[in-house]
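Okay, so here's the structure we're looking at.
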Amino acid sequence: MPEDRFPGHRFLPYLLILPSVAVIITFLIVPFIQSVQESFYTSTAFGTKTIFVGFRNYARLFASPDYRQSIITTLIFASFVIVVGLSVSLAIAYLLNQKIKGRGFYQVALIWTYALSPAVAGTIWALMFAPATGIVPYIVNRLTGGYVLNWMTNGQLALFVVSAAATWKMLGYNIVFFLAGLQNVPGELLEAARVDGAGGWRTFWKITFPMLSPTTTFLLFVNMLYSVFQVFGLIDIMTRGGPGNATNILVYNLYRDAFIHLDSGSASAQSFIIFIVISIAAVVQLRVATRKAVYAR
Amino acid sequence: MITRTRTKLLIHAILIILVAVIAFPVIYALITSTLTFQQAYSYPPRLIPGTHLWQNIVEAWHRANFGRLFFNSTLISLVVSFVKIVLSLLAAFAYTHFRFRGRSILFPMTMVTQMLPLPVRILPTYQLMASFHWINSYYALMFPFFASTTGILLFRQFFMTVPRDLSDAARVDGTSPMRYFLQILVPISKTNIAALFVIEFIFIWSQYLWPLIVTTTADMRVVQIGLKMLLASEQIAPEWNIIMAGTIIAMLPPLVVLILFRKSFAEGIAMQSEK
Chain A
1 MPEDRFPGHR FLPYLLILPS VAVIITFLIV PFIQSVQESF YTSTAFGTKT IFVGFRNYAR
61 LFASPDYRQS IITTLIFASF VIVVGLSVSL AIAYLLNQKI KGRGFYQVAL IWTYALSPAV
121 AGTIWALMFA PATGIVPYIV NRLTGGYVLN WMTNGQLALF VVSAAATWKM LGYNIVFFLA
181 GLQNVPGELL EAARVDGAGG WRTFWKITFP MLSPTTTFLL FVNMLYSVFQ VFGLIDIMTR
241 GGPGNATNIL VYNLYRDAFI HLDSGSASAQ SFIIFIVISI AAVVQLRVAT RKAVYAR
Chain B
1 MITRTRTKLL IHAILIILVA VIAFPVIYAL ITSTLTFQQA YSYPPRLIPG THLWQNIVEA
61 WHRANFGRLF FNSTLISLVV SFVKIVLSLL AAFAYTHFRF RGRSILFPMT MVTQMLPLPV
121 RILPTYQLMA SFHWINSYYA LMFPFFASTT GILLFRQFFM TVPRDLSDAA RVDGTSPMRY
181 FLQILVPISK TNIAALFVIE FIFIWSQYLW PLIVTTTADM RVVQIGLKML LASEQIAPEW
241 NIIMAGTIIA MLPPLVVLIL FRKSFAEGIA MQSEK
């Protein structure tokens with residue numbers, strides 16, 4: 001509980017939070033509640049009539065093989081972005097944190113992908129993998145003696161390429177936060193471990209990694225939000241969910257149902273399902289973060 | 001000592017390789033943007049820069065109406081970042097310097113909205129814009145982004161570390177809370193403000209889904225959607241040289257912002273990660 005540093009000003013604090021609270025209620029909370037509400041209704045094509053249908057929108061979604069596939073695709077995509085992205089970034093941040101010359105240069109040279117938008121990342125990777133003319137299919141062709149790499153017809157390959165592109169774009173962001181976390185690990189602790197004869201590998205897993213857990217869980221959550229939702233532009237630019245439905249992640253499916261098929265009941269139900277996914281991740285993050293805070297003390 | 005120098009050399013070698021590997025896609029894009037259409041389709045792929053960069057940029061600029069899109073994206077990113085910073089400063093000030101009824105509900109409520117990104121409320125937010133007659137306007141592109149949990153958290157954490165003596169001294173001197181806020185608190189938050197500006201500018205500049213659905217005419221589009229238009233306008237063979245010129249236009253402003261403010265950005269993030 002923060003202290004009252006300016007007692008006697010009764011209305012001022014309300015005035016100060018009013019703009020934020022107004023924006024949050026108008027554009028976030030009320031629309032969210034409406035969205036949950038709409039998920040229990042179905043409407044005729046132009047919203048002229050709405051009918052209460054209970055959980056039928058949800059039942060319809062889970063009965064649909066396409067939607068179940070979309071859930072699996074999202075899980076694969078998100079796991080790739082999170083596991084590969086975080087491990088690679090942590091390794092790079094660890095190297096960057098060593099006492100070496102030119103650290104400033106390396107930092108800038110390794111974090112700038114953070115400034116790229118998902119759409120830009122998608123465009124560049126589409127160029128690199130362009131069938132017949134891209135550099136990657138060319139190299140693969142030469143190395144394998146003739147294999148034709150075409151991610152526009154190969155679904156699994158397409159999912160891999162969009163995952164790799166999305167991971168690449170996030171490296172900069174992850175490195176920035178891991179580096180900040182690493183710099184907060186007390187040097188005395190690492191020194192003590194060294195004096196006790198613990199090797200670099202052991203010190204990392206026994207001391208550095210546990211000390212980093214608030215950063216790691218925070219990044220887990222951010223990367224989850226990113227891979228579940230912010231990555232929309234990358235998918236829309238690169239594959240539009242295709243080929244077939246190979247890269248049709250939940251948010252893309254939602255966009256199609258909401259704004260192309262105009263199925264508002266189903267779209268609202270999908271919004272709520274995405275909310276559940278995010279909440280689970282948020283609760284996990286919160287629990288890990290608070291537990292570690294106690295442990296670290 | 002020899003092993004030490006060796007390890008260092010090894011670290012340098014690995015880092016240089018990493019820098020090159022991570023930069024490669026963008027370097028390849030840069031090279032492609034300097035080629036002619038024929039050169040972009042040469043086999044094996046060409047890795048030597050050409051001389052057509054300027055022509056390609058001009059072509060992309062005209063084809064996707066980039067002048068207007070660039071203006072839109074810049075305006076939106078600057079205004080939204082500014083409003084977000086102001087609103088978060090004010091709210092964080094209230095949450096750290098005053099005790100008031102309802103704060104134990106309002107603060108958690110603000111934090112919970114982190115879990116309400118656009119897809120979770122997309123249709124009603126769109127319907128709200130329609131009911132305000134805001135579709136295809138700057139209002140629709142800006143207003144839904146004004147809330148900033150990140151900003152409130154960032155400034156709250158910083159304000160809590162400001163010694164009580166500072167505000168006490170101001171109070172004893174008869175300085176009003178708002179003057180203390182404007183003349184002391186805001187100036188000492190410079191680093192955090194710069195860090196938040198970098199985060200928000202990049203975030204808004206990268207928006208794609210929302211501008212895609214709330215804009216209906218070419219003059220209201222943003223740069224990200226311009227990229228989609230450049231890509232989609234091709235029927236048979238994408239003109240990669242032109243598309244990459246457009247991509248470079250689209251990625252420059254946020255890169256410039258990040259590089260200009262990199263020191264404050266790194267410090268702000270470091271402060272945030274403490275504890």
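Taken in sequence, the protein lines are chains A and B. Counted from 1, the first sequence has number 106 at position 106 by the numbering used here; the numbering is strictly sequential. Counted from 1, the second sequence has number 144 at position 144 by the numbering used here; the numbering is strictly sequential. We put the beta carbon where it would ideally sit given N, CA and C, even for glycine.
For this session: With distances taken Cα to Cα, identify the nearest neighbour of S89(A) among Y41(B), V19(B), S88(B), P108(B).
Result: V19(B)
Problem set entry | Whole-angstrom C-beta distance between R164(B) and R5(A), which should lie under 8 Å | 7 Å
Exercise. So which residues on chain B does I259(A) lean against when the C-beta distance must stay under 7 Å?
Worked result: Just to set this straight, residue 259(A) is Phe in the shown sequence, not Ile. F259(A) reaches chain B at I213, counting residues in chain order whose Cβ is nearer than 7 Å.
For this session: Report the partner residues of S77(B) according to the DSSP bridge assignment.
Result: Beta-bridge pairing links S77(B) to no other residue.
Exercise. Who are the near neighbours of L212(B) in its chain, counting only those whose CB is closer than 7 Å to its CB and skipping five residues on each side?
Worked result: Closer than 7 Å at Cβ, skipping near neighbours: I225.
Problem set entry | Under 9 Å by beta carbon: chain A residues contacting L196(B) | None at all; the shortest Cβ gap to chain A is about 14 Å.
For this session: Please report how far the alpha carbon of T36(B) lies from the alpha carbon of F129(A), in whole angstroms.
Result: 19 Å
Exercise. Does the region 136-144 of chain B touch the region 278-288 of chain A, meaning 3 or more C-beta pairs lie closer than 8 Å?
Worked result: no
Exercise. Does D4(A) come within less than 8 Å of chain B when only Cβ atoms are used?
Worked result: yes
For this session: Specify the secondary structure class of S137(B) as computed by DSSP and reduced to three states.
Result: Reduced to three states, the DSSP call for S137(B) is coil.
Problem set entry | Interface residues of chain A facing R171(B) [CB-CB closer than 8 Å] | R5, F6
For this session: Report the rounded CA-to-CA distance for Y295(A) versus T208(A), giving the unit in angstroms.
Result: Low confidence applies here, because Y295(A) scores a pLDDT of 43, under 50, leaving its location unreliable; read the following figure in that light. Those two C-alpha atoms are separated by around 14 Å.
Problem set entry | Selection from I17(A), G199(A), R194(A) that minimises the alpha carbon distance to L90(B) | I17(A)
Problem set entry | Proximal residues, the region 121-135 of chain A versus chain B, C-beta separation under 9 Å | A121, G122, T123, I124, W125, A126, L127, M128, A130, A132, T133, G134, I135
Exercise. Looking only at its own chain, which residues have a Cβ that is under 6 Å from the Cβ of W134(B), when we skip the five neighbours before and after it?
Worked result: A140
For this session: Could you spell out where the alpha helix (DSSP H) holding Y94(A) opens and where it closes?
Result: That run of the alpha helix (DSSP H) goes 65-96.
Problem set entry | Bridge partner(s) assigned by DSSP for S43(A) | T50(A)
For this session: State whether the region 276-283 of chain A contacts the region 115-130 of chain B, with contact taken as three or more CB pairs (one from each stretch) at a distance under 8 Å.
Result: yes
Exercise. Rounded to a whole number of angstroms, what is the C-alpha to C-alpha distance between Q127(B) and R121(B)?
Worked result: 10 Å
Exercise. Taking all protein chains shown into account, do 16 or more other C-beta atoms lie within 10 angstroms of the C-beta of R101(B), making it buried, or fewer, making it exposed?
Worked result: Flag for R101(B) reads exposed.
Exercise. What did DSSP end up calling T5(B) once you bin it into helix, strand or coil?
Worked result: helix
Exercise. At which residues does the alpha helix (DSSP H) containing N253(A) begin and terminate?
Worked result: 250-259
Exercise. With a cut-off of 8 Å, do at least 3 Cβ pairs link the region 234-249 of chain B to the region 52-59 of chain B?
Worked result: yes
Exercise. In angstroms, rounded to a whole number, what distance separates the CA positions of F155(B) and Q272(B)?
Worked result: Using only the alpha carbons, I get a separation of about 9 Å.
Problem set entry | Whole runs of the alpha helix (DSSP H) within the region 54-101 of chain B, excluding any shorter than 4 residues | Assignment of alpha helix (DSSP H) within the region 54-101 of chain B, counting only whole runs of 4 or more residues, yields 66-97 in chain order.
For this session: Look at the alpha carbon of N245(A) and the alpha carbon of P131(A), and state the distance between them as a whole number of angstroms.
Result: 19 Å
Exercise. Could you give the distance in angstroms between the alpha-carbon of I76(B) and the alpha-carbon of M129(B)?
Worked result: The alpha-carbon atoms of I76(B) and M129(B) are separated by roughly 17 Å.
For this session: Take I76(A) and list the residues in its own chain whose beta-carbon comes closer than 8 Å to its own, dropping the five residues that flank it on each side.
Result: Same-chain partners within the cutoff: L159, S163.
For this session: Please confirm if R6(B) has its CB atom under 8 Å from at least one CB of chain A.
Result: no
Exercise. Looking at C-alpha atoms only, which residue of R202(A), F218(A), E191(A), A192(A) is the closest neighbour of N174(A)?
Worked result: F218(A)
Exercise. Which residues bound the alpha helix (DSSP H) around N154(A)?
Worked result: Premise fails: N154(A) is in no alpha helix (DSSP H) and is neither H nor E.
For this session: With 8 Å as the threshold, decide whether the Cβ of L143(A) is near any Cβ in chain B.
Result: Not closer than 8 Å to any Cβ of chain B, the Cβ of L143(A) fails to qualify, so no.
Exercise. Should V294(A) be flagged as near chain B, meaning a C-beta pair shorter than 8 Å?
Worked result: Since pLDDT at V294(A) reaches only 43, below the 50 mark, its modelled position is unreliable, and the value read off the structure follows with that caveat. With 8 Å as the cut-off, V294(A) does not count as an interface residue toward chain B.
Exercise. Can Q127(B) be considered in contact with the ligand GDP, in the sense that its beta carbon sits closer than 7 Å to one or more heavy atoms?
Worked result: The ligand GDP is absent from the structure shown, which contains no ligand whatsoever.
Exercise. Is T32(B) helix, strand or coil by DSSP?
Worked result: helix
Exercise. Would you say D236(A) reaches chain B, if we count a Cβ-Cβ gap shorter than 8 Å as a contact?
Worked result: Between D236(A) and chain B, the shortest Cβ-Cβ separation is below 8 Å.
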